[in-house]
Amino acid sequence: MTEPLLRVRSLTKVFRTGTRASHRAVDDVSFDLYTGETLGLVGESGSGKSTTARCIMRLIKPTSGEVTLDGVDVLGASRRELRDVRRGVQMVFQDPYSSLDPRMKVRDIVAEGMRINRIAASAAEERARVAELLELVGLRPDHLDRRPASFSGGERQRIGIARALAVNPRLLICDEPIASLDVSIQAQVLNLFTDLRRELGLSILFIAHDLATVRFLCDRIAVMENGRLVEIGDRSEIYGDPQHPYTRALIDAAPEPSPEHERAKREDRLRRRRNGDEAAAEASGPAEVAAPASEMDQPGAHSTAHTTTTQQSSRPPAVTWLRSIKERQ
Ligand code: ADP
Ligand code: MG
């Protein structure tokens with residue numbers, strides 16, 4: 506059995522809310538996340554998802570439990586180890602308005618982490634990499650010298666994703682990255698994540714408050730309720746045979762999929778039929794996911810089936826570059 510990239514055991518965070526009162530925001534949570542996998546962490550607002558993420562990055566100190574990233578004990582890490590952990594784990598936040606420094610130009614926002622970690626060998630290399638990253642997330646070169654205020658929410662989120670990818674993270678933690686976007690933009694940003702994970706083989710912990718969002722993206726899904734992890738399983742198990750009543754309630758509460766998703770599913774079924782995989786296409790039925798998991802596991806398998814981003818589908822050199830630095834590590 507391969508070692509998980511991220512191993513979380515009995516993670517617990519109790520907040521003091523008064524002299525005698527306390528709140529168990531995260532309660533005995535355990536899960537593994539494997540390299541190349543996208544794990545969804547789903548639960549209603551207040552269920553403890555962000556607190557779990559913040560404990561993993563040690564932005565806050567858990568009350569008890571263990572977190573291991575690539576074999577390193579995160580909670581017992583020295584300052585140096587912690588620096589490596591924080592470089593290795595990058596976050597994309599929910600609010601694209603407060604998460605970008607309004608005074609900085611896009612090129613500096615994206616390059617900041619590269620500078621801190623001395624990733625580019627020269628200023629010219631840095632410029633080239635930043636431009637590639639911007640193209641990778643579907644933004645234009647002339648966006649580089651603009652500041653966050655001139656971008657829409659979806660564009661800002663793309664900048665946040667480029668910033669996270671710039672340091673070639675081992676793990677990306679996305680904390681409800683589409684929740685505050687216009688509904689019409691949500692599918693586009695979700696599709697960008699799907700493309701990126703497929704092309705770069707990223708490992709992602711993707712946090713969402715509803716099961717509809719993660720259905721198209723995640724290999725496995727963990728469900729949280731009131732600080733506890735009540736169910737974890739493969740995507741097909743969670744949607745096809747949910748065990749916990751809370752998971753069932755979340756599925757029942759899921760809004761109707763958006764027209765973009767419906768179209769993506771139709772196109773995917775057609776594509777699979779063309780590929781001779783008729784049985785699978787039929788079995789997927791009207792409520793199945795956008796792409797088979799086996800296909801998502803192959804970083805090179807590029808599909809434009811549900812790409813609604815505005816950019817061309819041929820991928821820029823940043824993909825090759827990110828892969829090559831991954832190999833060097
Ligand atoms: P989610 O991300 O699932 O919406 P959070 O992890 O943000 O949930 O919060 C879980 C619970 O912990 C909530 O009840 C929240 O009010 C509480 N909480 C979060 N941060 C703090 C804090 N710094 N102090 C006290 N309570 C907190
Ligand atoms: Mg949250």
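Add 505 to a position in the sequence shown, counting from 1, and you land on the number used in our numbering. Even for Gly, the Cβ is constructed at its ideal location relative to N, Cα and C. Values in this document were obtained by computation on a predicted structure and should not be read as measured data.
I need the DSSP call for residue i, collapsed to helix, strand or coil.
| i | result |
| --- | --- |
| Gln816 | Low confidence applies here, because Gln816 scores a pLDDT of 40, under 50, leaving its location unreliable and the question unanswered by this model. |
| Arg563 | coil |
| Ser583 | coil |
| Gln693 | helix |
| Thr524 | coil |
| Arg733 | strand |
| Met596 | strand |
| Asp687 | coil |
Using only the alpha-carbon positions, how far apart do residue i and residue j sit?
| i | j | result |
| --- | --- | --- |
| Arg652 | Pro750 | 46 Å |
| Leu722 | Asp532 | 26 Å |
| Gly738 | Ala629 | 45 Å |
| Thr557 | Val635 | 31 Å |
| Ser603 | Gly665 | 11 Å |
| Ile743 | Lys610 | 42 Å |
| Ser741 | Phe698 | 20 Å |
| Arg835 | Arg591 | With the chain represented from 506 up to 834, any question about residue 835 goes unanswered, as that position is not in the structure. |
| Ser583 | Arg725 | 31 Å |
| Phe598 | Glu681 | 7 Å |
For residue i, count neighbouring C-beta atoms within 10 Å of its own C-beta (all shown protein chains included) and say buried if the count is 16 or more, exposed if not.
| i | result |
| --- | --- |
| Arg661 | buried |
| Ala526 | exposed |
| Val688 | exposed |
| Gly732 | buried |
| Ile683 | buried |
| Asp490 | With the chain represented from 506 up to 834, any question about residue 490 goes unanswered, as that position is not in the structure. |
| Ile678 | buried |
| Thr524 | exposed |
| Ala616 | buried |
| Glu640 | buried |
| Phe520 | exposed |
| Gly745 | exposed |
Please list, in chain order, all residues of the same chain as residue i whose beta carbon is under 8 Å from its beta carbon, the five residues on each side excluded.
| i | result |
| --- | --- |
| Ser799 | The predicted model places Ser799 with a pLDDT of 36, which falls under 50 and marks its position as unreliable; any figure quoted below should be read in that light. Correct list: empty, nothing qualifies. |
| Pro607 | Arg652, Pro653, Ala654 |
| Pro567 | Leu516, Thr517, Lys518, Val531, Cys560, Leu580 |
Going along the chain, which residues of its own chain have a beta-carbon closer than 7 Å to the beta-carbon of residue i, five neighbours each way excluded?
| i | result |
| --- | --- |
| Pro674 | Gly593, Val594, Gln595 |
Below 6 Å CB to CB, which residues in the same chain sit around residue i once its five sequence neighbours on both sides are set aside?
| i | result |
| --- | --- |
| Leu755 | Leu716 |
| Asp802 | Any reading at Asp802 must be qualified, since the residue scores a pLDDT of 33, below 50, and its modelled position is unreliable; the value itself is stated next. Hits under 6 Å: none found. |
What residue from the options has the CA that sits closest to residue i's CA?
| i | options | result |
| --- | --- | --- |
| Glu542 | Glu704, Ser685, Thr752 | Glu704 |
| Met562 | Thr573, Met729, Arg663 | Thr573 |
| Ser550 | Ile712, Arg521, Ser708 | Ile712 |
| Ile838 | Lys554, Asp746, Gly658, Glu730 | For the chain, the structure presents residues 506 to 834; residue 838 sits outside this window and is missing. |
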